[in-house]
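For reference, the structure is listed below as structure tokens.
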Amino acid sequence: MINHVSVIVPCYNQAQYLDECLQSVLDQTYFDWECIIVNDGSSDHTEAIAQKWIANDTRFKYVYKENGGLSSARNAGLKVIKGDYIQFLDADDILDVNKLELSLAECEKVINSKSKVVISNFRMFTTDKNSSTNPFCELKQEYFTFKELLFGWDYEFSIPIHCGFFQKSLLDGFKFPEELKAKEDWIMWLSIFKREPYVFFIDSTLAFYRIHEYSMTKDLKLMEANSLRVIKCIREVVSEKYFIDYLCFVLEKKYSEVIDLSLKISKIENSRGFKILKKIKETSVIRFIFSNSK
Numbered sequence: 350m351i352n353h354v355s356v357i358v359p360c361y362n363q364a365q366y367l368d369e370c371l372q373s374v375l376d377q378t379y380f381d382w383e384c385i386i387v388n389d390g391s392s393d394h395t396e397a398i399a400q401k402w403i404a405n406d407t408r409f410k411y412v413y414k415e416n417g418g419l420s421s422a423r424n425a426g427l428k429v430i431k432g433d434y435i436q437f438l439d440a441d442d443i444l445d446v447n448k449l450e451l452s453l454a455e456c457e458k459v460i461n462s463k464s465k466v467v468i469s470n471f472r473m474f475t476t477d478k479n480s481s482t483n484p485f486c487e488l489k490q491e492y493f494t495f496k497e498l499l500f501g502w503d504y505e506f507s508i509p510i511h512c513g514f515f516q517k518s519l520l521d522g523f524k525f526p527e528e529l530k531a532k533e534d535w536i537m538w539l540s541i542f543k544r545e546p547y548v549f550f551i552d553s554t555l556a557f558y559r560i561h562e563y564s565m566t567k568d569l570k571l572m573e574a575n576s577l578r579v580i581k582c583i584r585e586v587v588s589e590k591y592f593i594d595y596l597c598f599v600l601e602k603k604y605s606e607v608i609d610l611s612l613k614i615s616k617i618e619n620s621r622g623f624k625i626l627k628k629i630k631e632t633s634v635i636r637f638i639f640s641n642s643k
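Mapping of the sequence shown onto our numbering: position 10 corresponds to residue 359, and the numbering continues sequentially without gaps.
Structure below.
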């Protein structure tokens with residue numbers, strides 16, 4: 350049985366990475382795929398690069414839209430796909446050449462299930478995948494449950510979206526929340542695992558996650574501003590019981606963080622070095638007052 354795979358590549362001002370990304374799709378050992386390049390209103394030469402690829406291989410498709418963010422671009426891709434399976438791939442990341450073939454081989458082990466997801470491991474890189482480094486978290490089979498995804502995300506692990514390989518039925522009716530500027534992939538994973546899919550784990554490096562100065566995940570201010578919107582989205586996905594449990598869990602974590610910070614501050618204030626610095630500061634203030642009173 351031939352299964353058509355749809356690869357969705359959203360791109361916003363990442364033209365410098367796009368060739369390498371699309372080459373990793375072209376190099377796949379599995380051939381029956383389409384690749385939807387979604388230009389999210391880029392102001393660089395993304396369109397010229399995309400046009401070059403679609404001219405050379407008809408499996409590449411091009412969609413242009415006004416800038417609306419990463420979620421909006423992925424949603425635009427979901428609207429036009431024709432595949433039985435979905436592979437997301439951000440424009441600055443790349444796939445191992447065997448990613449599609451090995452993922453499909455896992456899916457074919459279970460014939461009757463209509464909701465299958467394959468998760469592979471990953472490594473990180475900056476410019477060359479051959480000089481990749483260990484991932485920021487260790488993915489394990491036991492993480493891949495709804496409960497673990499809800500309570501363990503960001504605290505124990507997170508799953509880069511291109512580590513996943515999804516049967517299309519799992520995403521029927523799903524839209525990435527466009528009001529989110531980060532963690533929209535977490536909402537996707539929760540929505541998928543709420544459906545209790547058949548999960549396969551390939552503990553091999555089949556995805557490469559690029560680290561660079563423009564990584565959205567490094568923007569701490571963006572993450573903080575986004576947190577309340579994320580909680581609202583979680584409320585729409587999980588049951589009332591799970592939502593209450595999650596809020597209690599977050600409050601407990603935040604409380605622990607405050608206590609830890611207070612203890613660290615207390616240790617600093619009671620240290621000999623801090624007391625000496627405090628004494629120097631007080632002496633300097635006294636000298637300043639007297640020097641200005643003459």
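Just so you know, even glycine gets a beta-carbon here, dropped at the ideal spot from N, CA and C.
- Among the bridge pairs identified by DSSP, S469 is matched with I551.
- Annotation for C456: K465 place their beta carbon closer than 6 Å to its own, counting only its chain and skipping 5 residues before and after.
- Note on geometry: alpha-carbon atoms of Y413 and G426 lie some 10 Å from one another.
- In the DSSP assignment, C360 is bridged to N388.
- With respect to C360, L371 sits apart: the two C-beta atoms are not nearer than 7 Å.
- Membership of V429 in the alpha helix (DSSP H) is indicated by the continuous run L419 to V429.
- Within the DSSP secondary-structure output, A397 pairs in no beta bridge.
- If you check the CB distance, I468 and S355 do not come in under 7 Å.
- As a beta-bridge residue in DSSP terms, I443 pairs with F557.
- With a threshold of 16 other beta carbon atoms within 10 Å, I551 meets it and is buried.
- Take the alpha-carbon of A454 and the one of V586: they are about 30 Å apart.
- Shown here for Q363: same chain residues with a beta carbon closer than 6 Å to its own, the five before and five after excluded, namely A440 and D441 in chain order.
- DSSP places Y504 outside both helix and strand once states are collapsed to three, so it counts as coil.
- Here H561 is exposed: its Cβ has fewer than 16 other Cβ atoms, across all protein chains shown, within 10 Å.
- The beta carbon of Y504 sits closer than 8 Å to those of K602, all from its chain and outside the five residues before and after it, given in chain order.
- In summary, K489 is exposed, with fewer than 16 beta-carbon neighbours lying within 10 Å of its beta-carbon over all protein chains present.
- In the DSSP assignment, K414 falls within the beta strand (DSSP E) that extends over F409 to K414.
- DSSP places F542 in the uninterrupted alpha helix (DSSP H) bounded by E533 to K543.
- The beta carbon of T395 is closer than 6 Å to those of C360, A364 and N388 in its chain, skipping five residues each way along the sequence.
- Around A422, the same chain offers P359, V387 and D389 as residues with beta carbons nearer than 6 Å, after the five sequence neighbours per side are excluded.
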